[in-house]
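Residue numbers (my numbering): 2 to 423. Think of the CB as a built atom: it goes at the ideal place given N, C-alpha and C, for glycine as much as any other residue. Just below is one structure, and these are the notes that go with it.
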């Protein structure tokens with residue numbers, strides 16, 4: 002029995018020691034697991050401390066933009082307007098004597114020279130009337146010769162006291178009456194000649210004939226003259242247009258610089274026009290007329306130019322674009338692509354002495370090639386941003402790259418869409 006108890010006590014002791022060893026190992030592993038998070042946190046803190054010391058924020062460099070100084074060049078500004086072509090002469094041909102249309106001597110739509118016969122209206126009755134008038138004139142002249150001879154005889158007899166004063170007065174009256182009859186007969190002859198001339202309708206000037214309005218054999222003339230056709234002069238041709246009050250003031254100021262007024266420019270100032278389907282202004286003419294007063298209802302001045310129109314390119318009624326050159330003068334020009342716009346108007350991006358972008362409001366003039374005239378708001382020595390505009394923010398500094406401006410065209414560029422419509 003003692004042996005058994007002793008054996009049992011030894012086993013229990015061995016088992017207890019084994020459990021103690023297991024618990025000791027577990028606590029060691031637990032302490033080891035707790036140490037790893039502490040080491041990880043210490044590493045992160047050390048890394049953050051290292052980043053704060055070496056990776057500081059560095060601002061990006063200023064964006065590069067292309068700038069150039071305004072181009073200083075002499076240009077010829079133009080006043081631009083719209084107008085309409087009109088015929089210098091347009092005449093309705095009418096029958097001035099009564100009769101039947103005997104002949105039509107032209108083709109509709111053809112060019113007729115001045116003096117060309119166009120219509121013949123039954124001339125025979127008027128030839129007969131002319132012959133009658135001529136015969137009556139000859140009879141009146143013969144009666145005048147006889148009356149003059151009788152008057153001279155009475156004068157001689159009166160001088161010899163053979164005839165009475167009454168006979169002399171009667172002879173004088175007969176002579177004067179015969180002379181008046183000759184004058185009347187000559188007038189009748191002239192009237193007959195004129196009426197005979199009216200039987201042939203001629204072209205009053207060089208022009209294009211419209212379609213005839215009568216037929217051969219038709220009775221024309223009478224109380225209400227019949228329109229036979231119309232003739233339209235196309236060479237030369239007029240162009241009428243209006244200038245606004247502002248343009249008129251520019252013209253007057255331009256003339257004052259030259260010591261002239263607008264009435265002295267008739268026939269001297271060149272005017273150019275172009276059609277809607279043409280590029281530029283290929284037709285050249287001269288100022289022909291300027292109204293002496295401004296229309297109060299429209300605030301415009303009516304002006305007219307005359308053009309040779311050798312090829313009949315301009316027709317009456319055509320809508321045309323007009324420009325009138327002004328005096329050549331110096332101007333500041335910038336590339337048209339550099340011009341921006343917003344609700345406040347047009348502007349340019351300009352650099353100050355510190356290369357900081359400024360938005361500058363400007364007043365613009367005409368376009369010359371790819372350049373735009375700046376009338377006010379810009380100085381000749383200021384740098385204008387012409388490329389990289391999207392990177393040029395007002396108030397921000399930029400890295401400017403200066404380029405040399407190219408020469409501009411001497412004349413304004415054609416209006417937009419002209420070439421496209423050709």
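Give me, in chain order, the residues of the same chain whose beta-carbon lies closer than 7 Å to that of residue 137; leave out the 5 immediate sequence neighbours on both sides.
Here residue 137 corresponds to residue number 136 of the chain shown, with the count starting at 1. Answer for residue 137: 186, 189, listed in chain order.
So what's residue 322 in DSSP terms, helix, strand or just coil?
Within the chain shown, numbered from 1, the residue matching residue 322 stands at position 321. Three-state result, residue 322: strand.
Quick check: the region 227-239 against the region 307-319, are at least 3 beta-carbon pairs closer than 8 Å?
Contact between the region 307-319 and the region 227-239 is present, because at least three Cβ pairs lie under 8 Å.
Does the Cβ of residue 232 have 16 or more other Cβ atoms within 10 Å, making it buried, or fewer, making it exposed?
Your numbering for residue 232 matches position 231 in the chain shown. By the 10 Å Cβ count, residue 232 comes out buried.
What are the start and end residues of the beta strand (DSSP E) that includes residue 232?
For this step, residue 232 is matched to residue 231 along the chain shown. Per DSSP, residue 232 belongs to the beta strand (DSSP E) from 228-233.
How many angstroms separate the CA atom of residue 81 from the CA atom of residue 323?
Here residue 81 refers to the residue found at position 80 of the chain shown. Here residue 323 refers to the residue found at position 322 of the chain shown. The straight-line gap from Cα to Cα measures roughly 6 Å.
Alpha helix (DSSP H) containing residue 147: first to last residue?
Here residue 147 refers to the residue found at position 146 when the chain shown is read from its first residue. Segment 125-160, the alpha helix (DSSP H) holding residue 147.
What's the gap between the Cα of residue 342 and the Cα of residue 349?
Your numbering for residue 342 matches position 341 in the chain shown. Your numbering for residue 349 matches position 348 in the chain shown. About 9 Å.
Just verifying my parser: in three-state terms, what is the DSSP assignment at residue 256?
For the purposes of this step, residue 256 is taken as residue 255 along the chain shown, with counting starting at 1. Here residue 256 sits in helix by DSSP.
Quick check for students: name the residue ranges of the beta strand (DSSP E) that lie wholly in the region 160-231, counting only runs of 3 or more.
The qualifying runs are 201-203, 208-210.
Do the CB positions of residue 192 and residue 118 come within less than 9 Å of each other?
Position 191 of the chain shown, counted from the first residue, corresponds to residue 192. Position 117 of the chain shown, counted from the first residue, corresponds to residue 118. Not a contact, by the Cβ cut-off of 9 Å.
Would you kindly check if the distance between the Cβ of residue 375 and the Cβ of residue 61 is under 9 Å?
As a first step, residue 61 is located in the chain shown; it is residue number 60 there, counting from the start. As a first step, residue 375 is located in the chain shown; it is residue number 374 there, counting from the start. Cβ distance not < 9 Å, so residue 61 and residue 375 don't count as in contact.
Tell me whether residue 279 sits in a helix, a strand or coil according to DSSP, three-state version.
Within the chain shown, residue 279 is the residue found at index 278, counting from 1. Coil.
How about residue 69 and residue 335: do their beta carbons lie closer than 9 Å?
Your numbering for residue 69 matches position 68 in the chain shown. Your numbering for residue 335 matches position 334 in the chain shown. In this structure, residue 335 lies closer than 9 Å to residue 69 by Cβ.
Quick one: any contact between the region 351-363 and the region 377-386, if contact means 3 or more CB pairs under 8 Å?
In short, these stretches touch, since the Cβ pair count reaches three.
Taking all protein chains shown into account, decide if residue 217 is buried (16 or more other Cβ within 10 angstroms of its Cβ) or exposed.
Reading the chain shown from its first residue, position 216 is the one you call residue 217. Exposed: under 16 other Cβ atoms inside 10 Å.
In terms of DSSP beta bridges, what is residue 273 paired with?
As a first step, residue 273 is located in the chain shown; it is residue number 272 there, counting from the start. The partner list for residue 273 (beta bridge, DSSP) reads 285, 324.
Return the residue from the list 392, 79, 269 that minimises the CA-CA distance to residue 357.
Here residue 357 corresponds to residue number 356 of the chain shown, with the count starting at 1. Minimum Cα distance to residue 357 is reached at 392.
Using a Cβ-Cβ distance cut-off of 9 Å, determine whether residue 297 contacts chain C.
Within the model displayed, chain C is absent; a lone protein chain is all it includes.
Could you pull out every unbroken beta strand (DSSP E) segment of at least 3 residues lying fully inside the region 312-368, listed in chain order?
Runs found: 320-326, 330-336, 341-343, 346-352, 358-362.
What is the residue span of the beta strand (DSSP E) that residue 92 lies within?
For this step, residue 92 is matched to residue 91 along the chain shown. Residues 91-95.
Taking Cβ to Cβ, would you say residue 90 is nearer than 9 Å to residue 205?
Here residue 90 corresponds to residue number 89 of the chain shown, with the count starting at 1. Here residue 205 corresponds to residue number 204 of the chain shown, with the count starting at 1. Yes, the Cβ-Cβ distance between residue 90 and residue 205 is below 9 Å.
Would you kindly work out how many angstroms separate the C-alpha atoms of residue 49 and residue 378, rounded to a whole number?
By one-based count along the chain shown, residue 49 stands at place 48. By one-based count along the chain shown, residue 378 stands at place 377. Because residue 49 carries a pLDDT of 44, less than 50, the predicted location of this residue cannot be relied on, and the following value inherits that uncertainty. Approximately 54 Å, taken between the alpha carbons.
Judging by CA-CA distance, which residue of 92, 245, 59 is the nearest neighbour of residue 296?
Counted from its first residue, the chain shown places residue 296 at position 295. Measuring from the Cα of residue 296, the nearest candidate turns out to be 245.
Would you mind working out which of 273, 331, 407, 355 sits nearest residue 337, comparing C-alpha positions?
Within the chain shown, numbered from 1, the residue matching residue 337 stands at position 336. Nearest option by C-alpha distance: 407.
Run through the DSSP bridge pairs and tell me what residue 301 is partnered with.
Within the chain shown, numbered from 1, the residue matching residue 301 stands at position 300. In DSSP, residue 301 forms a bridge with 245, 296.
According to the Cβ coordinates, are residue 99 and residue 222 closer than 9 Å?
The count along the chain shown starts at 1 and reaches residue 99 at position 98. The count along the chain shown starts at 1 and reaches residue 222 at position 221. For residue 99 and residue 222, yes; Cβs fall inside 9 Å.
When DSSP builds the beta bridges, which residues end up paired with residue 118?
The residue you call residue 118 lines up with position 117 of the chain shown. Answer is 203.
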